[in-house]
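This note's numbering applies: residue 103 is where the sequence shown begins, and numbers increase by one.
Ideal Cβ placement from N, Cα and C applies to all residues, glycine included.
These numbers come from a predicted model, not from an experiment.
Structure first, then comments.
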Amino acid sequence: MAMADCIFCKIASGETRARIVYEDGDTLAFSDLNPQAPTHVLIIPRRHITGLSSAVEEDGELLGKLQLTAVKTAKLLKVEDAFRLVTNNGRGAGQSVNHLHYHLLAGRKMLWPPG
Ligand code: 5GP
Ligand code: ZN
């Protein structure tokens with residue numbers, strides 16, 4: 103069920119435009135509006151999940167699909183040899199949109215620890 107005030111639900115339904123890189127029935131990959139690397143794509147489930155810590159046992163297959171979507175997207179963008187996949191869970195960890203998303207980052211040197 104789409105959440106009325108959720109920007110990523112609106113992108114998933116097509117109500118809000120985004121530069122979509124890959125999509126299937128369950129997941130969607132689109133360019134981040136404020137990129138932090140030459141490649142910065144967000145990977146989301148179409149279905150609203152508030153964040154990773156809100157996922158339950160029944161979401162296991164969907165969580166797996168999100169990672170496979172990240173790999174498909176990395177291959178489409180030819181960055182599969184060097185990318186970072188990260189989720190910010192909770193405001194204290196930097197989460198600003200409360201719809202589960204993974205950041206796919208590539209195209210520059212990645213620092214560790216990420217900060
Ligand atoms: P978070 O801060 O929750 O980890 O990541 C949210 C990301 O969503 C940010 O990188 C931000 O730039 C991106 N973002 C926020 N609003 C929009 C939007 O309307 N469209 C797109 N494409 N990205 C957005
Ligand atoms: Zn949502």
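Is the separation between the beta-carbon of ALA184 and that of LEU206 shorter than 9 angstroms?
Start at 1 with the first residue of the sequence shown, and residue 184 comes out as number 82. Start at 1 with the first residue of the sequence shown, and residue 206 comes out as number 104. Cβ distance not < 9 angstroms, so ALA184 and LEU206 don't count as in contact.
Would TYR124 pass as a contact of THR189 if the rule is Cβ separation under 9 angstroms?
The residue you call residue 124 lines up with position 22 of the sequence shown. The residue you call residue 189 lines up with position 87 of the sequence shown. It is not a contact, given that the beta carbons lie outside the stated cut-off.
Strictly under 9 angstroms for the Cβ-Cβ distance: is SER198 near chain C by that measure?
The structure shown has no chain C; it contains just one protein chain.
Between ARG121 and the rest of its own chain, which residues show a CB-CB distance below 8 angstroms, the 5 nearest in sequence each way excluded?
Residue 121 sits at position 19 when you count from the first residue of the sequence shown. Answer for ARG121: PHE132 and SER133, listed in chain order.
Euclidean distance between Cα positions of GLU159 and LEU165:
Here residue 159 refers to the residue found at position 57 when the sequence shown is read from its first residue. Here residue 165 refers to the residue found at position 63 when the sequence shown is read from its first residue. Taking the straight line joining both Cα atoms gives about 10 angstroms.
When you measure from the CB of MET212 to every non-hydrogen atom of ligand 2, does any distance come out below 8 angstroms?
For the purposes of this step, residue 212 is taken as residue 110 along the sequence shown, with counting starting at 1. Flag unset: Cβ of MET212 not near ligand 2.
Residues passing the C-beta test against ligand 2 heavy atoms, cut-off 6 angstroms:
Counting every residue whose Cβ lies closer than 6 angstroms to a heavy atom of ligand 2, we get MET105, CYS108, PHE110, CYS111, HIS150 and HIS201.
When you compare the CB positions of GLY162 and ARG148, do they come within less than 9 angstroms of one another, or not?
As a first step, residue 162 must be located in the sequence shown, where it is residue number 60. As a first step, residue 148 must be located in the sequence shown, where it is residue number 46. No, the Cβ-Cβ distance between GLY162 and ARG148 is not below 9 angstroms.
Give the DSSP bridge partners of PRO147, in chain order.
Locating residue 147 in the sequence shown gives position 45, where the first residue counts as 1. Answer is THR129, bridged to PRO147.
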